[in-house]
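Quick notes on the structure that follows.
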């Protein structure tokens, strides 16, 4: 892999991280904070396990770059990054939420629907940002 491509992927990762974390903070911490608290009730921890949260973000962002940004860069299409990001978000958040809905007695169907849609949106936006940043290194 060329140095140029390496820098492109690194920039994609950090751009996706910036957008994903910013949007997720606004969504979970401000806009929908009360909704999630009400829907999750006693399942929600008073203080998140930040190490686990960081591990999720590190891993998931790598997935965004690998499964959405990289294929879109090969095609040269921002719209493909956004589409692949949305599909990745749908699958990842859908897997998590539908499994919880199937196995946790108090899990909310409304929470699952909202969270799955959110996953598709935020992952699409992050993939688009990652693509845009990577393209600046390649052209």
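Numbering (my numbering), first residue to last: 55 to 193. Yeah, the Cβ is synthetic: ideal placement off N, Cα and C, and Gly gets one too.
State buried or exposed for residue i, treating a residue as buried only when at least 16 other CB atoms are found within 10 Å of its CB.
{"i": "residue 169", "result": "buried"}
{"i": "residue 93", "result": "buried"}
{"i": "residue 80", "result": "exposed"}
Could you give the distance in angstroms between the alpha-carbon of residue i and the alpha-carbon of residue j?
{"i": "residue 105", "j": "residue 114", "result": "14 Å"}
{"i": "residue 86", "j": "residue 56", "result": "42 Å"}
{"i": "residue 166", "j": "residue 116", "result": "24 Å"}
{"i": "residue 110", "j": "residue 61", "result": "23 Å"}
{"i": "residue 100", "j": "residue 77", "result": "21 Å"}
Check this for me: beta carbons of residue i and residue j, under 7 Å apart or not?
{"i": "residue 183", "j": "residue 140", "result": "no"}
{"i": "residue 145", "j": "residue 66", "result": "no"}
{"i": "residue 180", "j": "residue 64", "result": "no"}
{"i": "residue 185", "j": "residue 132", "result": "yes"}
{"i": "residue 188", "j": "residue 127", "result": "yes"}
Curious, which full-length alpha helix (DSSP H) runs of at least 4 residues does the region 67-153 contain? 87-94, 104-118, 124-129
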